[in-house]
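Encoded as structure tokens, the structure appears first; notes follow it.
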Amino acid sequence: MSPWERARDELRHRVPRAVPKVGLVLGSGLGDVVERFEARVDVPYGEIPHFPASTVEGHAGQLVFGRWSGQDVVAMRGRVHLYEGYSASEVVFPIRVMLALGAKVLIVTNAAGGIDPHFATGDLMLISDHLNLTGTNPLVGPNDPAWGPRFPDVTHAYDPKLREIARAASKALKLPLHEGVYAGLLGPSYETPAEIRMLRTMGAAAVGMSTVLEVIAAAHAGARILGISCISNPAAGLTDAPLDHEEVQEAAYAAREHLGALVEALVSQVGE
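Per this note's numbering, the very first residue in the sequence shown carries number 1080; after that it's consecutive.
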């Protein structure tokens, strides 16, 4: 039995009625979204076979099951990153487990630095595409055909129809929603001003240290994916203020109500 099958079976044993339609990844400062779940069951990462443990402040390290907005959901309350010392395959292991449990739609969120000068702290950005600048890929190595083809097409990794739903939902909620390309870098150091200028030239509107590997793995498996960045700070060089992880968390936490309202509206529709 493979590691992901062992993890899946353990979770089915602990939460037998949980057959999620939607998987959620909740980034820095955004984990409190799970407080909205009904019939909630929390499972610490450390109690799931082979599950990597989050070591970053602001990432609680729990897989949370429940019903939200009329749908069965499972949420990662905190993620793991390459910069913690994990491999690309370990970073995406939780994604594969959520999909193995039944999730067909994946909503990924993150806290990101704003490269677009029109972005302000607390704004939300719908991810239209990404730049994988981490230097690796979760599909490196032997391909498992149980997940997908050797050379998957990721042209429409961020599902166009789900993005249409997100735009309509934000309009109905009267929440401003930007749209742009997310650049995923290795970290853990923040980018230099020169790197931000390079990323802007490459077409990036926001930058962070997560998400891109998760999306590649989910797209490989045929999931429909929606990504939302919470702009937690201006990127390096756009202001004179130093970048600070605690302030990133605080900004993301302050935006949680807007993000929670948008994702709640989305869950009710994308799970159908």
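From the three backbone atoms N, C-alpha and C, an ideal C-beta is built for every residue, glycine too.
No experiment lies behind these values; they were computed from the predicted model shown.
Item, Value
"Own chain, CB closer than 7 Å to Asp1238, minus 5 neighbours either side, in chain order", "Arg1303, Ile1304 and Leu1305"
"According to DSSP, residues forming a beta bridge with Met1155", "Val1104 and Leu1142"
"Residues that Asp1208 bridges to, as DSSP identifies them", "Val1260"
"DSSP state of Ala1132 mapped onto helix, strand, coil", "coil"
"Any 3 or more C-beta pairs closer than 8 Å across the segment 1171-1180 and the segment 1097-1108", "yes"
"Check whether Val1260 and Ala1298 have beta carbons under 7 Å apart", "no"
"Span separating the alpha-carbon of Gly1149 from that of Val1143", "16 Å"
"Range covered by the alpha helix (DSSP H) that runs through Gly1339", "Arg1335 to Val1349"
"Cβ separation of Met1204 and Ser1311, assumed to be a contact under 8 Å, to the nearest whole Å", "With 8 Å as the limit, Met1204 and Ser1311 do not qualify as a contact, their Cβ atoms being about 11 Å apart."
"Any 3 or more C-beta pairs closer than 8 Å across the segment 1085-1092 and the segment 1105-1119", "no"
"Classification of Thr1290 by the beta-carbon crowding that lies within 10 angstroms, buried from 16 upward", "buried"
"Contacting residues, own chain, Cβ-Cβ under 7 Å from Ile1206 (five flanking each side not counted)", "Tyr1237, Tyr1261, Gly1306, Ile1307 and Ser1308"
"CB of Thr1215 within 7 Å of CB of Ala1167, strictly", "yes"
"Candidates Ala1340, Gly1227, Ile1275 and Pro1082, of which the one nearest Val1191 by Cα", "Per the sequence presented here, residue 1191 reads as Ala, with Val not at that position. If we check each option's Cα against that of Ala1191, Ile1275 comes out closest."
"Delimiting residues of the beta strand (DSSP E) encompassing Ile1194", "No beta strand (DSSP E) holds Ile1194; DSSP gives it neither H nor E."
"Boundaries of the beta strand (DSSP E) in which Val1286 is found, first to last residue", "Ala1283 to Gly1287"
"Beta-carbon proximity list for Leu1252, same chain, < 7 Å, skipping 5 on both sides", "Ala1340, Leu1341 and Ala1344"
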